[in-house]
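Encoded structure:
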């Protein structure tokens with residue numbers, strides 16, 4: 110007999126099931142998170158998620174009846190993956206005094222964990238900003254922010270910048286530096302942004 114899902118979530122997705130259907134649902138959620146992080150919102154379709162999870166497309170539409178429910182699930186799972194990866198990366202960082210620019214690069218790579226490259230603005234930051242503008246997705250983004258800021262705090266403390274007291278402002282600066290780099294046509298976006306954030310950190314060097 111087919112496992113029946115419990116009552117759906119606030120975004121229209123079906124609640125987690127038990128038994129044989131649970132593995133399919135879990136694989137789809139994990140696949141949606143990875144697709145969103147790697148490719149952005151355009152990749153979040155029932156077909157792409159089903160293919161990536163190795164399940165029939167009908168399973169995707171069954172558990173996530175609308176694209177909005179699929180998108181909400183993808184954003185929530187991606188933010189969980191991002192926050193968890195950020196803290197693991199921060200916790201694994203050896204404690205030593207780093208330069209301001211090296212610390213800035215560590216902060217950027219932690220903030221956009223599990224991985225970051227020169228496409229970070231188009232593949233990661235712009236989709237995140239779009240989610241913040243969506244009333245249905247903004248609460249998910251806000252809920253994950255404290256965990257991300259906590260990871261940045263660990264990076265600062267382990268790099269000799271324990272005196273930086275406004276981590277939230279620093280996170281906004283990271284976003285702004287990356288957007289400015291991309292908007293000005295910089296090819297080495299990460300290096301440019303690290304330089305900007307590093308200049309901010311230099312004011313806190315004791």
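Residue numbers (our numbering): 110 to 315. Note that beta-carbon positions come from the ideal geometry of N, C-alpha and C, so glycine has one too.
Buried/exposed call for residue i, threshold 16 Cβ in 10 Å
i           : result
residue 302 : buried
residue 190 : buried
residue 201 : exposed
residue 287 : buried
residue 169 : buried
residue 188 : buried
residue 178 : buried
residue 242 : exposed
residue 144 : buried
residue 272 : exposed
residue 238 : exposed
residue 140 : buried
residue 77  : In this structure the chain extends from 110 to 315, so residue 77 is not present and cannot be described.
residue 293 : exposed
residue 155 : buried
residue 185 : buried
residue 244 : exposed
residue 285 : exposed
residue 246 : buried
residue 279 : buried
residue 110 : Because residue 110 carries a pLDDT of 34, less than 50, the predicted location of this residue cannot be relied on, and no value is offered for it.
Residue i beta carbon near the ligand NAP (any heavy atom closer than 6 Å)
i           : result
residue 188 : In the structure shown, the ligand NAP is absent, as is every other ligand, since no ligand is present at all.
Integer-rounded CB distance, given that residue j should sit under 8 Å from residue i
i           : j           : result
residue 256 : residue 192 : 4 Å
residue 258 : residue 229 : Actually they are not in contact, since the Cβ atoms of residue 258 and residue 229 sit about 18 Å apart, beyond 8 Å.
residue 306 : residue 282 : 6 Å
residue 260 : residue 195 : 4 Å
residue 136 : residue 164 : 6 Å
residue 142 : residue 183 : 6 Å
residue 249 : residue 181 : 7 Å
residue 175 : residue 310 : In fact, because the Cβ distance is near 44 Å, the residues do not count as touching under 8 Å.
residue 207 : residue 222 : Actually they do not touch by this definition, with Cβ atoms about 18 Å apart.
Report the residue ranges of all alpha helix (DSSP H) runs contained in full by the segment 172–214; include only those spanning at least 4 residues, in chain order. 176–201
Inspect the CB distances between the segment 204–217 and the segment 264–279 and report whether three or more fall short of 8 Å. yes
What alpha helix (DSSP H) runs, 4 residues minimum, are completely inside the segment 127–163? 129–148 and 155–162
Say whether the segment 231–241 touches the segment 141–161, bearing in mind that this needs 3 or more beta-carbon pairs closer than 8 Å, one atom from each stretch. yes
Give, in chain order, every unbroken run of the alpha helix (DSSP H) that is at least 4 residues long and sits entirely within the segment 256–298. 276–292
Any chance you could list the alpha helix (DSSP H) runs of at least 4 consecutive residues sitting entirely within the segment 210–241, in chain order? none
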